[in-house]
Structures are given as structure tokens and as C-alpha cells.
Amino acid sequence: MTELITDQHVVSVLRPFVRATTPVLGALRDADPLGLVRRVLGSREEHEAAVELAKVDRSVVKGLESVRVPGTAAWHAMSVADRDDWWVNRVGRFTVLMASIPGIGGALADRLPIQDTLATAGQGLVLSAIAVEHGAEDPATKVRLIAHVLFDRDIDPLLATGEGDLLTDDQEDAATAEMTADLDESQRTHGKITPKAAAKSLWRLGRTLLALGDELDKRPQGRFYHKAMGMLPVVGLAGDYLGERSALKRAAKKGRTWLDAL
């Protein structure tokens with residue numbers, strides 16, 4: 005029998021998650037997501053798959069080469085909606101590319117939680133970024149946002165602050181540090197965030213969300229035809245990619261609606 009996941013469980017998982025998204029987003033902000041994927045993937049087949057994805061979505065390269073990054077004059081001149089779209093198109097593409105790579109194995113890969121965990125983590129990352137653009141920088145609001153968009157949960161604002169959840173402050177700090185350990189090690193060793201460290205951090209974020217079990221199935225998904233296409237070997241890669249792109253856009257739209265209603 006599946007254990008009941010309470011709001012306390014959700015908050016206990018999401019509070020360290022949203023705290024960890026800040027340094028992860030910082031690491032991905034200035035990186036070339038498509039280049040990251042090419043360098044992270046180990047096999048020649050996977051490298052070729054990433055290149056093929058750029059052909060599926062011809063706006064990938066153009067979108068990822070934008071010089072408008074947070075902190076620049078061009079960034080401050082952008083509207084909030086444009087900044088939201090930037091996060092979806094730049095950082096979102098990195099997470100979607102990584103999440104869709106398992107699809108190269110067709111139906112077999114879908115028996116593993118890899119795609120769902122990476123895709124859910126990616127949606128959570130982008131939602132955290134969008135929250136900041138809408139003036140919601142505190143972890144509690146991000147927790148409520150992600151819980152609403154990904155898990156259809158209406159979390160009590162006080163609980164979202166950590167009041168009455170299942171973690172002590174020390175446990176929350178430790179969980180956050182575990183998710184950003186690869187970023188910290190990369191910074192100490194190389195003086196920068198390496199592609200491998202960025203990819204490992206995304207996986208650590210996703211692995212944390214595994215504690216929520218079937219709640220992951222509630223996240224925004226791709227269309228039914230994306231799922232059907234994703235069941236096919238090789239071609240499934242494109243289906244998974246397009247499906248996760250569609251799902252991410254839906255998650256971002258739902259997130260903006262929630263934030264605008266605050």
C-alpha cells in the first residue's frame with residue numbers, strides 16, 4: 005500500500021529543494037545549455053542525439069545564444085514576461101534536453117524514473133527562477149508555487165515557512181548542502197562550475213523529489229501524441245523532447261498565473 009504523502013512531507017522535500025535551486029540556477033545562467041549537454045553525455049550515440057534535438061527545435065541554438073543574461077543592461081530593459089520566457093528557453097532547454105536523452109531507449113527507459121525525476125526537477129528550477137522575476141524571492145512562496153503547479157497542492161503559508169514540517173533546521177541545511185555538493189566541489193577544484201557538476205546537481209535535485217513518489221505523476225505532462233512518439237526507439241528521443249518542452253511551457257504558464265494572483 006502506497007504511503008500517504010501529506011503536505012508536511014511535501015514541504016519537507018521542497019524547502020531544501022528551493023534553497024538549492026539558487027546556486028544551481030546561478031551555475032546554469034551563464035552556461036551554454038546545448039554545449040553542456042554535449043560535454044556531459046558520454047557516448048557517441050548520445051552526442052549525436054543531442055545534435056539531432058537541435059534540428060527538431062531549430063530555435064534551440066538561437067535561443068541559447070542570447071546575450072541577454074541576468075544582471076546586464078539588456079536584461080533590466082526586458083519585461084517580466086520576457087524574463088520568464090528567457091528562463092524557459094535557456095535554462096529550461098538544458099533540463100529538457102537532459103530529461104529527454106533517456107528516451108533514446110524507447111519504452112525500456114520509461115520503466116526507470118530518470119526522465120520523470122529530471123523533468124520534474126527542471127520544472128521546479130524554472131518555476132523558482134520565474135518566482136524571483138515576479139518579486140517572490142522567499143523560499144516559502146517558492147514552496148507554495150511549486151507545490152501548486154507540480155503537485156496540485158494548496159500549502160498553508162505558515163507550513164511553507166518550515167513551521168511544523170518534518171525537518172529540523174540542521175536537517176534542512178544538510179539536505180540543501182547535499183544537493184549543491186557537486187557545485188561546491190567544482191568551484192573549489194576548478195574555480196568554476198563544470199558541465200558535469202551542473203548535470204549531477206540536476207540529478208541530485210530530481211533524486212530528492214523521488215521521496216514524493218506518485219506525486220511526480222501530477223506534474224504538467226506533454227500531449228498524448230508526444231507520449232506515443234516517445235515509446236518508439238530512436239524517434240522516441242524527439243517525442244520525449246517535444247513532450248517535455250510542451251510540459252515545461254504549461255508549467256511556466258500555470259506558475260505565472262499563480263504568481264500574478266498573489
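Quick note, the working numbering runs 4 ahead of the 1-based positions in the sequence shown. From the three backbone atoms N, C-alpha and C, an ideal C-beta is built for every residue, glycine too.
- The stretch 134-148 and the stretch 73-88 touch, with three or more beta-carbon pairs separated by less than 8 Å.
- Counting along the chain, the unbroken alpha helix (DSSP H) around THR121 starts and ends at 118-137.
- Burial state of GLN175 is exposed, judged by a 10 Å Cβ sphere holding fewer than 16 other Cβ atoms.
- Distances from the CA of LYS146 to each of ARG208, LEU8, ALA24, THR10 were compared; the closest alpha carbon is that of ALA24.
- Counting along the chain, no alpha helix (DSSP H) covers SER83, and no H or E run does either.
- The residues ILE9, PHE155, in chain order, have a CB closer than 6 Å to that of GLU219 in the same chain once the five nearest residues on each side in sequence are set aside.
- When DSSP states are grouped into helix, strand and coil, PRO224 belongs to the coil group.
- The DSSP-derived three-state label of LEU171 is coil.
- Here LEU266 is exposed, its C-beta having fewer than 16 other C-beta atoms within 10 Å.
- Residue environment for ASP177: exposed (fewer than 16 other C-beta atoms within 10 angstroms of its C-beta).
- In this structure, the alpha-carbon of ARG260 lies about 24 Å from that of LEU216.
- Here LEU266 carries a coil assignment [DSSP, helix/strand/coil].
- Contact annotation, ASP169 with VAL22: C-beta distance approximately 13 Å; criterion of less than 8 Å not satisfied.
- Comparing C-alpha distances from MET102 to each of TYR245, ALA31, LYS253 shows the shortest one belongs to TYR245.
- The alpha-carbon of GLY166 is positioned some 14 Å away from that of ALA151.
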